[in-house]
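Shown next, in structure tokens, is the structure this report addresses.
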Amino acid sequence: MKMDSLSNKVLITGINGFTGKYLSDHFTTQGYEVFGIVNNNNNSEKNIFSCNLLEKDKLSQIINQLQPNIVIHLAAISFVGHPNIEDFYSVNVIGTQNLLEAIKNNSSANTKKVILASSATVYGNQDHYELSETMCPNPNNHYGISKLAMEQVAKNYFDFLPIIITRPFNYTAPGQDINFVIPKITKAFKERSETLELGNINVFREYNSIDFVTECYYKLAVSEYKSEIVNICSGKTHSLEEVLKLSSKITNHKVEVLINPNFVRKNEIFKLSGDPAKLYKMIDLGNKKFELQDTLNLFL
């Protein structure tokens, strides 16, 4: 389904974040007019609104003024180690409810899709390494718990708004915080460092490209689906050892890996990925390939 000429406004909350910037570029290249919401009072960028998600009246004014056709909600407290526990719930749960209320109460809105970014962390500890939407969530930190609570709140709006809730698995690209493992590894190779401290390099995880993620969001946004929860995942896993070997091949440089016991998680799961079956039933990515080496080439 392709949006008509009257349905070309996309509103992205958290547009100044890592994912938001790439998503904005992707929708722009598809011919959409992109707007954003940021929690920054010093913002002066065109098409960007400054608003805290807890400012209900201001949020409603923005929705009424803009009349967005697609809303993609990325804004959240996402750092698991965030010091203020209350923020996880006030921003991730109440902030999302405020946004949904603003959209619902905008009687003149022509909203065709609302996509809410949850997280694969809602699965928590499971008995299987391939996680599907049919599993009972079992989050084990405040970030994951707040995201699950957000999902439950959003379900109350399924009868009123065309909502899709996404559960993204690991993905990466240049611009991601250096605390994430792929930016950390590639930085060491790019700077031709002699050593690099890591944890267990023999565990397998998804390291999807941002291009894969933005394409999934776009295809879901223009689809007919609603009232769904879906993984954003490929099911393809790689070990950090594989990442190291590919990085070495690309840069023709070797880094000595030092295993830091502080980085090794107790009872770490050997292999963990998402089940992409439902995603691939909902959208068609065609012949597009999203390979790990192509992603690493962007860094290196």
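Under full-length UniProt numbering, think of the first position of the sequence shown as 1, with each following residue one higher.
Glycine is no exception: its CB is placed at the ideal position from the N, C-alpha and C atoms.
All figures in this text were calculated on a predicted structure; none of them were measured in a lab.
Where residue i falls: helix, strand or coil (DSSP)
{"i": "K254", "result": "coil"}
{"i": "K266", "result": "coil"}
{"i": "F49", "result": "strand"}
{"i": "F169", "result": "coil"}
{"i": "residue 314", "result": "This structure leaves residue 314 out entirely; the chain is present only between 1 and 300."}
{"i": "G144", "result": "helix"}
{"i": "N98", "result": "helix"}
{"i": "S273", "result": "strand"}
{"i": "I15", "result": "coil"}
{"i": "K288", "result": "coil"}
{"i": "E130", "result": "strand"}
{"i": "H26", "result": "helix"}
{"i": "E191", "result": "coil"}
{"i": "L74", "result": "coil"}
{"i": "K184", "result": "helix"}
{"i": "K226", "result": "coil"}
{"i": "F35", "result": "strand"}
{"i": "K236", "result": "coil"}
{"i": "L246", "result": "helix"}
{"i": "residue 312", "result": "The structure shown does not extend to residue 312, since the chain is modelled only from 1 through 300, so no value can be given for it."}
Per-residue burial, residue i [other beta carbons within 10 Å of its own, 16 or more giving buried]
{"i": "L240", "result": "buried"}
{"i": "R167", "result": "buried"}
{"i": "I178", "result": "exposed"}
{"i": "H26", "result": "buried"}
{"i": "S44", "result": "exposed"}
{"i": "S248", "result": "exposed"}
{"i": "V264", "result": "exposed"}
{"i": "M1", "result": "For M1, the pLDDT reaches just 35, beneath the cut-off of 50, and the residue's location in the model is therefore unreliable, leaving the point undetermined."}
{"i": "F160", "result": "exposed"}
{"i": "F18", "result": "buried"}
{"i": "residue 366", "result": "Residue 366 cannot be examined here, being either before or after the span of the chain that is shown, 1 to 300."}
{"i": "I259", "result": "exposed"}
{"i": "G20", "result": "buried"}
{"i": "residue 323", "result": "Any answer about residue 323 is impossible in this case: the structure gives the chain only from 1 up to 300."}
Distance between beta carbons of residue j and residue i, contact taken as under 8 Å
{"i": "F290", "j": "S209", "result": "5 Å"}
{"i": "H142", "j": "F79", "result": "Actually they do not touch by this definition, with Cβ atoms about 11 Å apart."}
{"i": "P162", "j": "T214", "result": "The pair is not a contact, with the Cβ atoms about 20 Å apart (cut-off 8 Å)."}
{"i": "N231", "j": "D275", "result": "6 Å"}
{"i": "P174", "j": "F299", "result": "6 Å"}
{"i": "S234", "j": "F212", "result": "6 Å"}
{"i": "L53", "j": "V91", "result": "6 Å"}
Beta-carbon spacing of residue i, residue j below 8 Å
{"i": "P83", "j": "V10", "result": "no"}
{"i": "Q293", "j": "L246", "result": "yes"}
{"i": "N8", "j": "G36", "result": "no"}
{"i": "E197", "j": "N170", "result": "no"}
{"i": "L74", "j": "T121", "result": "no"}
{"i": "K34", "j": "S50", "result": "Correcting the residue identity first, residue 34 is Val in this sequence and not Lys. No."}
{"i": "L23", "j": "I63", "result": "no"}
{"i": "Q126", "j": "N138", "result": "yes"}
{"i": "C216", "j": "L279", "result": "yes"}
{"i": "L220", "j": "I164", "result": "yes"}
{"i": "H185", "j": "T172", "result": "The identity of residue 185 in the sequence shown is Ile, whereas the question assumes His. Contact flag unset, no."}
Exercise. Is the region 188-197 in contact with the region 125-133, if contact means three or more CB pairs nearer than 8 Å?
Worked result: No, they do not touch.
Problem set entry | Sufficient close CB pairs (3 or more, under 8 Å) joining the region 142-156 to the region 92-110 | yes
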